[in-house]
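First comes the structure, then the notes that go with it.
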Amino acid sequence: MTIPRQLLTNINSGKCFALVGSGFSTALRYPSWKRMAQDAVARAKLDATELDILQNLIKNEDFPEVFERLVEPAGGMKALCDEISASFSPGSGFGDAYRFITKWPIRCYLTTNYEDEIARHLDEVGVHFTTLLNSQADFAQVIASTQNRIVKIHGDLTTPEDIVLTTSQYSEFSSGGARQYFRSKLTSILQMVPVLVVGHSMADRDLQFILELAKESASATNPIFMIVADADRGQSEKLLKQYNIRIISYSNADGDHRNLAKLLRQIDRFVVPRSGSRRVPLDFPDSRESETAVSLYVHSSLGFGGHEGMLQRAIQPQVLSVVVSEPSGIEIGEIPSHLLPVEIQKLSTFDAELQASVNELVSMQQVVEDKGIVEATDSGRAELAIMQGKRSSDEDQFYGALEKRLRRCKDSDDVQVLIQGFKKAIVEVFRKRGLATAEMLFKGNSFEPADMPELFESVFPPAAEVEDFDLRTEYCNAIMDILTDPNEDQQRYLAHLSQGFFAFHMFGLDPTGQEIRKKIAQDTLWILDSNILMPILAKQSSQHEFMVSLVNKLKELGIRFITTPKIAKEIHIAWNWMQQQLRNVPNGGERVALLQTIQSDSYTENPFVDGFINGAVVADWRGLDEYRLSIGFNPTSGFIDALERLGVAIVEVDAVDPSVDSNEIQLLSDEIYSKREDAGTLRAGATQTTAEAEVIYLIRHLRTEKTFRGEAVSEAFFVSTSRLLDHMYQKTDGLITWYPDSLHNHLSYLHGGAIDPEAAFDAITTSFYAAGVSVVDKGVYQRYFAPAVSEASATLGKEIDNYAAAVSSTVAEVQQDKERVQSQFARLPELEKPMFVEQLGWEAARRNEQRANAAEAAKQESDRLRKIEIENIKNQYDRKGSERARHEAGRQKNLSNPKHQRKLERQKKKRKKKR
C-alpha cells in the first residue's frame, strides 16, 4: 500500500479532525458490541420467548434492538447503562493505535466510543483536551477552528439521557427529528475541514451512517480519508471515483483490529508529532567520523589513485588531508594518529600500506617525502581542494535547495531549526545503517540491520520543534520530494552518506576484504526472492537497472545464486494481475485503464506496470503485446526460460533434498500464511507462502548438510525486500534475509571501481515500498499520461460550468466557485487531474439531481398546498351555499306558517306605533 501524500499533508497541517471508531476500543480489549449485548441479556430476567428473540437479534448483530428491548426489563435507561458500565473496562493498559492517533497533531477528535481512552492517552503525552458530549450546546462549540476538544458523539454510559445505544436513539440521530442538529453539524464538519475517519469496519452501523453523510458532503476539492477494516475493493474504487472518499483498508479477519495499529504505525513514520519527540536519539557521529566516511565515498567515486588496494582506499585521501593541514610537513610516524578508523592501525601490514600510500601520492606529485618528512605540493593541495569542494558543493546543493524552498514558505529562524534537525537525523540514520550493514557478517548471533523506513521516522520529528503548521507541512512535503524524487546533486549526497558510512565501518572490521570475500563468495549460496527477480524481468521498471547490476556483480565475483519454481510462479502471478487490469483493452490503448489502476488507493506498485509505462515513453514498445515479447513471457512456462537465460538457476526443493519433508513445508507454509493473512500482506496467496516455506526449509537443510550439488556450502541466505522470515524464525535460525541494498554495499566493497550515485540511491529505495513510499519516475509518468491530462484540461471548463451552476445560487457565487475550482485544479499533481475532473462531473450530476429532486419536491408540495387551498375555498363555498339554502328553506317554511305570519304582523304594528 502506498500512503497518499494528501493524507499526510492533512494530518501534518494541524487542521485535521479525526473521527475515531470502535476498532480502537476493541484493540484495547474493551467488550465488543456482541459481548455487551450477551452480558446484558444474561443479567436480565426474561421469559423463554423474549430470550429467544434477543438471541436471534444477537445472532443477526442487531445490537441496538437488543438494548431497545432490554430498557424496560432493566428498569429504565439509567439502570441499563449502570449494568453495562459494571463490565465496561479495557483488558489491557495503553494501546498502540490510541498512542499513534493521540501523538499526531489532530485538532479535534470526534468519537462514537463510550470510553475515555482518547483523553487518557493524551494525558500520557502531557496534553489536555476538553471532553464534550452530544447535546446541542456541546455541538454548537464545534466549528472549523475548534481545537483541543474531544466530542463523544454517542454520549457515554454516565449520561443515559444523551447516550446513543438503542434502535430508537440511533434513529433519532440518523434520520433527523429532535437530533437534526447532530446530522447538520457532522455534515458541516465533513465539508469544512480535512477529516480522517479511522477505526471502523465497513459493516458497522456507525460507518454506514458516516458514509451516508460523507456522500452528501463529498467534493472533488476536499477528499475524505477513511481507514477502515475489510473494505471491498470494488466499493472502494466507486467511492473514490464518484465521491472522492479515499478508503485505506486493513484486514480484520478475527475482529480484534490488531492490524489497525500496524497500519497507523506505517503512517506514523511520516507524521510530525504534536510536540517534541521523546525518542532517544541515535549516537551522533563526531565530525571526523562523518568527514572521513563521506571522503571515502568521494575518493572512490572520483577514481582517486585508481589501482590501490582496499586499505589504501581508506588511507590515501586521509594521508593527503593530514599532510595538507601541516604547512611545514609532518613526520610519517605521526600520520597514523590522525587516521580513521583506528582499528586499521592494528593490522600487521599497516606500516607497509601507509608507506605504499605515501609512495603513491609521491608518484602522482601530490606530496614530497624527504628524510621521513612528508609535505604537500601545490598539486596535492589542489587535488584535496577538488575533493573537499565536491563534497561541500554536494552538501550545499542538498541542504541549500531545501532551505530556499522553506524560506519561500516563511522566512524565519525556524527554517534553520528545521535544516539542522534534518541534517542531524539523516546523518544519524545512515551512520547507524552503515554500521549495522557492515557488522552483518561479523556477528555470531542474529542481527537485523535498521531498515530504511527508519529514515522517515527520524527526519519528520525535528519539525515538532516548530509551531508554525504551514512551515511544518512544507518541510514534510519537501523532505518526501527529496527522498523519493531527488535530482542528481541530491542523489549524490545521499550516496555519500550511504556508501561512505558503510565503507568506513567495513574498513574497521575487514580492511583487506579477505573476510567478506570468504563469507560472501566462498561456500555461500544465495536464494533470490521474486521482488529481486521481478524488476530484472520487468525491463525499464524503476529498480530494473539496479537489480540487474546486483546479479551481474554476483556473477562477476563467482557467487552462486538460485531461485525456486514457486518463486518464479509468484512472478507469473504478478504479471497475470497486470494483464487482468488490461483485459478487453485493445493493444496500444492501455493508457486510460492503467491510469485508473495506479490511482486506486488499493493499488500496490507492480514492476511490470511501472516498466510498461517507462518503456512506452521511450518507444521501446507500443502496446502490451510487444511488451510481453520483450520481457520473454511464455504462456506455457511463464518466466522460467527468461530467468534461465539470465543465468538464474531454478532449483526444486527435492533436487537439494531428495527426501524432502513435505509435511514440514506445509506446516511452515500454514504458519507464514496465517502471519501474512493477519498482517494483510498476502500478495499471491498460498503460492507466496509455500515459496517462503521452501526457502526456510532449504536454508535449514543447506546449513545442516553443508553441500549443494556436490559442492561445499557453509552458509545460505535469502535476498529479499521482506524480512518476515527473520521476524518469525530468527530466534531459531539466526540471520536469514539480506536486503538487496545491504548485499549491494558488500559487493561494491569487493568489486572496486567507481561508485554510481544513481545505483547507490536505487539501493536505498529498494526498501521504501515497505514504508508505503512510491519512488516511480513522476516525470515519465506525466509524459505517458499527458494525453489523459490534456483531455481533462480541455473538458475542465465545461465541467466547471456544470459544477458552478449546480452548487451556486448567484452570479457572484458562480464566479467565485469557478475561480476556486480552477485554482485547486492548477495545484494538483498532473496525474490526479483526470480523476479530479471526473469527480467534479459526478458531483455536479449529484447536485443537479438534488436540485431537481428538491424542485420536484417543492412542486409537489406547492401542488399539495394549492389543492388544499382550492378544497378549502370549495368547502367554504359549499358551507355558505348550505347556509343560504337553510335560510331560504326556513323563510319558505315561515311564509306558510300562520302562527309565524301573525307574529310578523304584530311586530309590524308595534313599529308603526313607535313612529
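For the sequence shown, the tail end lands on 915 under full-length UniProt numbering, and the numbers increase by one without skipping.
Glycine is no exception: its CB is placed at the ideal position from the N, C-alpha and C atoms.
Who does residue i pair with in a DSSP beta bridge?
i, result
"residue 226", "197, 247"
"residue 152", "111"
"residue 331", "373"
"residue 528", "719"
"residue 132", "151"
"residue 650", "563"
"residue 638", "634"
"residue 368", "375"
Let me confirm a value: residue i is counted as buried when at least 16 other C-beta atoms fall within 10 Å, else exposed. Which label applies?
i, result
"residue 543", "buried"
"residue 454", "buried"
"residue 920", "For the chain, the structure presents residues 1 to 915; residue 920 sits outside this window and is missing."
"residue 697", "buried"
"residue 852", "exposed"
"residue 726", "buried"
"residue 200", "buried"
"residue 676", "buried"
"residue 138", "buried"
"residue 294", "Low per-residue confidence applies at residue 294: pLDDT is 47, beneath 50, and the placement is therefore not dependable, though the value from the model is reported in the following sentence. So residue 294 counts as buried."
"residue 739", "buried"
"residue 130", "exposed"
"residue 94", "exposed"
"residue 856", "exposed"
"residue 877", "exposed"
"residue 147", "exposed"
"residue 762", "buried"
"residue 105", "buried"
"residue 80", "buried"
"residue 549", "buried"
For the beta strand (DSSP E) that residue i lies in, which residues bound it at each end?
i, result
"residue 17", "17 to 20"
Give the range of the alpha helix (DSSP H) segment to which residue i is assigned.
i, result
"residue 144", "Neither: residue 144 is in no alpha helix (DSSP H) and is coded neither H nor E."
"residue 100", "96 to 103"
"residue 876", "833 to 895"
"residue 121", "117 to 124"
"residue 34", "33 to 43"
"residue 921", "Outside the shown range of the chain (1 to 915) lies residue 921, about which nothing can therefore be said."
"residue 804", "786 to 807"
"residue 214", "205 to 217"
"residue 253", "Premise fails: residue 253 is in no alpha helix (DSSP H) and is neither H nor E."
"residue 827", "811 to 827"
"residue 543", "Residue 543 -> no alpha helix (DSSP H), and no H or E assigned at all."
"residue 487", "Here residue 487 belongs to no alpha helix (DSSP H), and DSSP marks it neither H nor E."
"residue 345", "Note, residue 345: premise wrong, no alpha helix (DSSP H); not H, not E."
"residue 422", "414 to 439"
"residue 171", "167 to 175"
"residue 185", "180 to 192"
"residue 266", "258 to 268"
"residue 66", "63 to 74"
"residue 49", "48 to 59"
"residue 11", "5 to 12"
Contact the region 489 to 503 vs the region 411 to 430: 3+ CB pairs below 8 Å: yes
Within the region 555 to 615, ranges of the beta strand (DSSP E) (whole runs, at least 3 residues): 560 to 563
Sufficient close CB pairs (3 or more, under 8 Å) joining the region 17 to 25 to the region 616 to 628: Verdict: no, contact absent.
Segments assigned alpha helix (DSSP H), at least 4 residues, entirely inside the region 678 to 754: 685 to 705, 724 to 733, 740 to 751
Validate contact between the region 68 to 88 and the region 98 to 107 using beta carbons, cut 8 Å, 3 pairs: no
Any 3 or more C-beta pairs closer than 8 Å across the region 602 to 615 and the region 526 to 546: yes
Three-pair Cβ contact test at 8 Å for the region 236 to 250 versus the region 829 to 840: yes
At least three beta-carbon pairs within less than 8 Å, the region 338 to 348 to the region 381 to 388: no
Touching by the beta-carbon criterion (3+ pairs, under 8 Å), the region 579 to 596 and the region 222 to 236: no
Meets three-Cβ-pair contact criterion under 8 Å: the region 356 to 374 and the region 411 to 425: no
Stretch-stretch touch, CB-based, cutoff 8 Å, three pairs: the region 455 to 462 with the region 525 to 534: no
Any 3 or more C-beta pairs closer than 8 Å across the region 249 to 261 and the region 111 to 124: Pairwise C-beta distances place the region 249 to 261 out of contact with the region 111 to 124, as fewer than three of them are shorter than 8 Å.
Three CB pairs or more closer than 8 Å across the region 369 to 380 and the region 389 to 407: no
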